[in-house]
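Participant: Numbering (this note's numbering), first residue to last: 50 to 534.
We put the CB at the ideal spot given by N, CA and C, even for glycine.
What you are looking at is a predicted structure, and each value in this text was computed from that prediction instead of being measured.
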Amino acid sequence: MNYEEVMKLALERGFYFPSCEVYSDANAGFWEYGPSGVGLKNKFLELWRRELIRRDGMMEIDGSQIMSKSVFEASGHLGNFADPIIKCTKCNSTFRADRTIAEIANIEIPESADLDEFDYAIKENKIQCPKCKGDFSSTKKFNMMFKVGIGPQEEEAYLRPETCQSIFVDFPRLFKTMRGKLPLGIAQVGKSFRNEIAPRQSLLRLREFYQAEIEVFCNPNRLNEVEKFTEIENTIIRVQTDAEPVTMTCKEALESGTVPNKFVAYYLGILTEFYEKTGIDVTKSRFRKLGDKEKAFYAEVAFDFEVETTIGWLELVACNYRSDYDLSSHANKSKEKFEVMDNDEKVLPHVFEISMGIDRSLYTILEHSLKNDEEHERMVLSLKPYLSPVHVGILSLVKKDGLKEKTDEIFLNIKRKFDAFLDHSGAIGRRYRRLDEIGAPFAITVDHQTLEDNTVTIRKRDSMEQSRVDISKIDSILLESVAFP
RNA sequence: GCAGUUAUAGUACAGUCUGGUUAGUACUCGUGCUUGCCAAGUACGUGACCCGGGUUCAAAUCCCGGUAACUGCACCA
């Protein structure tokens, strides 16, 4: 299904919708999750915890969203997370100063250069607006971080532009108190904030968005000593270094040198296995190796995990080998020690990061799962049962003759164990269709026979097949069917 | 941020050009009846002109300004 169909479903069925929509000054780039969206998100994160955090023995933290100025001085975000921009005084178009100068005058000025340098180059080369030939204003820095003022003095602090900085600054304490041993994965789920110039396409480019980030701290001298590698050596991944993605096993990726070491290959493998279990079609995925110009300022090697959707390739996860960039920066700035012992060796750990965009992942799951079943004239959201916001609909065939009471009784017995949805009203077919659209894998219907022999029918979402089971079996059937893999 | 397009119920659309009665339709949603396993029928009901200003006796409709969404460009650590 395409973006429009997913959007319609999201609005009609409570997956997500614009923030503050009743007010006309609502800003672009902010969206909220409704009940169905929260259900899906929570279950997605539970799967993430199972498949990555627990599988690899990582620890999870929950840090502050507002962080002090020093953090971002050290991380480089105050210096580098800003683009030099110039604005045309005539038509108001905004351009990147470095790129415009490179394009027109063929002069390369690094983006981190002094602003004077850009102004000088623009003046010397008489560079004008490519659109209207107007003159440019002087160069300014546009920083994508939101600044906030703390306390009555409004002291300078920032909303985090990525969740991982808490992981870096917390690393010394966590390693000491939680009996850390390299390699050590530390994870965090939470919101990040970026003042995007042009937010677009609902969940796909937000100003306030969810990330699930993992930072794996490792000994850079032991990147090929990964025992767990055998678990994923035959897992198939798709890697793109040139024009087209190539399908290969993790072992082949390692041996061909496509992926630099066992350590990175292992995480690309378990990440792919995770996404396969979300129901995203991983044959439409790729790890795209980024060139030097595309990489973030802190990354040494970078792979973007991208998935093909109806609106093109979508970046869901950034995998960056950040080396010791972050820990040494924070060590220098804070004067704290970040080295740790790895057996007898004292090392400043390197970091491999798996930075997942949750909102984009949820969109992709919805797009890949939503099907138009033309034969039965219905939309079906074929979510994996363990990701569905509603596990089971509990329906009475009709309200009268005591069926309602019997249905209520069944609902009462299972509503704390499963995400169950009770519905008595309207035609039975309509109620099935509604459940199909929010991805409920099962519907249990109470009919007249139920009153005689204590059996109900269970309907499966995808096949629409029904079977009769004893009420006493409902628990165990559901337990097995909606369990995480 | 630039350009173009658009903005009417939960959703999709009509009406706007040519200002004028109670803003219409479909689906959805709620209640009743009916039926009794896949969006049926039937009756009733809830629900909307993006925001602000201007023109006018009168503005959903015309004008100006904002905001948002879509498309393209630019941007995307």
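Which class does residue 209 belong to by DSSP, given the choice of helix, strand or coil?
Facilitator: Residue 209 falls in the coil class under three-state DSSP.
Participant: Using the beta-carbon count (16 or more within 10 Å), is residue 226 buried or exposed?
Facilitator: Residue 226 should be labelled exposed.
Participant: Out of curiosity, what's the CA-to-CA distance linking residue 200 and residue 242?
Facilitator: Cα to Cα, the separation comes out at about 20 Å.
Participant: Can you list, in chain order, the residues of its chain whose CB lies under 7 Å from that of residue 437, leaving out five sequence neighbours each side?
Facilitator: Around residue 437: 488, 489, 490.
Participant: How would you write the range of the alpha helix (DSSP H) that residue 76 sits in, first residue to last?
Facilitator: Unbroken run through residue 76: none, as it is neither H nor E.
Participant: For residue 157, count neighbouring C-beta atoms within 10 Å of its own C-beta (all shown protein chains included) and say buried if the count is 16 or more, exposed if not.
Facilitator: When all chains shown are included, residue 157 counts as exposed.
Participant: Taking the runs of the beta strand (DSSP E) that are 3 residues or longer, which of them lie wholly in the stretch 378–415?
Facilitator: The stretch 378–415 contains these whole beta strand (DSSP E) runs: 389–391, 394–396, 399–406.
Participant: By alpha-carbon positions, which one of 287, 318, 522, 305 ends up nearest to residue 277?
Facilitator: Minimum Cα distance to residue 277 is reached at 318.
Participant: Enumerate in chain order the residues of its own chain whose CB-to-CB distance from residue 477 is below 8 Å, with the five nearest sequence positions on each side excluded.
Facilitator: Answer for residue 477: 444, 446, 494, listed in chain order.
Participant: Kindly confirm or deny that the stretch 84–101 and the stretch 206–225 touch, where touching means at least three C-beta pairs closer than 8 Å.
Facilitator: No: fewer than three Cβ pairs fall under 8 Å.
Participant: CA-CA distance, residue 321 and residue 331?
Facilitator: If I take the Cα positions, the gap works out to 7 Å.
Participant: For a test of the three-state rule: what should DSSP assign to residue 421, helix, strand or coil?
Facilitator: Reduced to three states, the DSSP call for residue 421 is strand.
Participant: Identify, in the order they occur along the chain, each residue of the same chain with its Cβ nearer than 7 Å to the Cβ of residue 218, setting aside the five sequence neighbours on each side.
Facilitator: Correct list, in chain order: 120, 379.
Participant: Between residue 100 and the rest of its own chain, which residues show a CB-CB distance below 8 Å, the 5 nearest in sequence each way excluded?
Facilitator: Counting only Cβ-Cβ distances below 8 Å, and skipping sequence neighbours, we find 319, 322, 323, 326.
Participant: By Cβ distance below 7 Å, which residues in the same chain neighbour residue 75 in space, the five residues on each side in sequence not counted?
Facilitator: Excluding positions up to five away in sequence, the list reads 67, 68, 69.
Participant: For residue 441 and residue 524, I'd like the C-alpha separation in whole angstroms.
Facilitator: If you take the alpha carbons of residue 441 and residue 524, they lie about 11 Å apart.
Participant: Which whole-angstrom value is the C-beta distance of residue 134 and residue 191, which I expect to be below 8 Å?
Facilitator: Their Cβ separation, rounded to whole angstroms, is 5 Å, which keeps residue 134 and residue 191 in contact under 8 Å.
Participant: Between the stretch 111–118 and the stretch 205–218, can you find at least three pairs of beta-carbon atoms closer than 8 Å?
Facilitator: The stretch 205–218 vs the stretch 111–118: in contact.
Participant: According to DSSP, what are the bridge partners of residue 516?
Facilitator: Partner(s): 507.
Participant: Using only CA atoms, which one of 118, 275, 108 lies nearest to residue 311?
Facilitator: Closest by alpha carbon: 275.
Participant: Do the stretch 261–275 and the stretch 413–430 touch if we need at least three Cβ pairs shorter than 8 Å?
Facilitator: In short, these stretches do not touch, since the Cβ pair count stays below three.
Participant: Is it buried or exposed for residue 296, if we count other Cβ within 10 angstroms and need 16 for buried?
Facilitator: Flag for residue 296 reads exposed.
Participant: Residue range of the alpha helix (DSSP H) that residue 239 falls in?
Facilitator: Careful: residue 239 lies outside any alpha helix (DSSP H), inside the beta strand (DSSP E) at 233–242.
Participant: Return helix, strand or coil for residue 204, following the three-state DSSP convention.
Facilitator: In the structure shown, residue 204 sits in a strand (DSSP, three-state: E or B).
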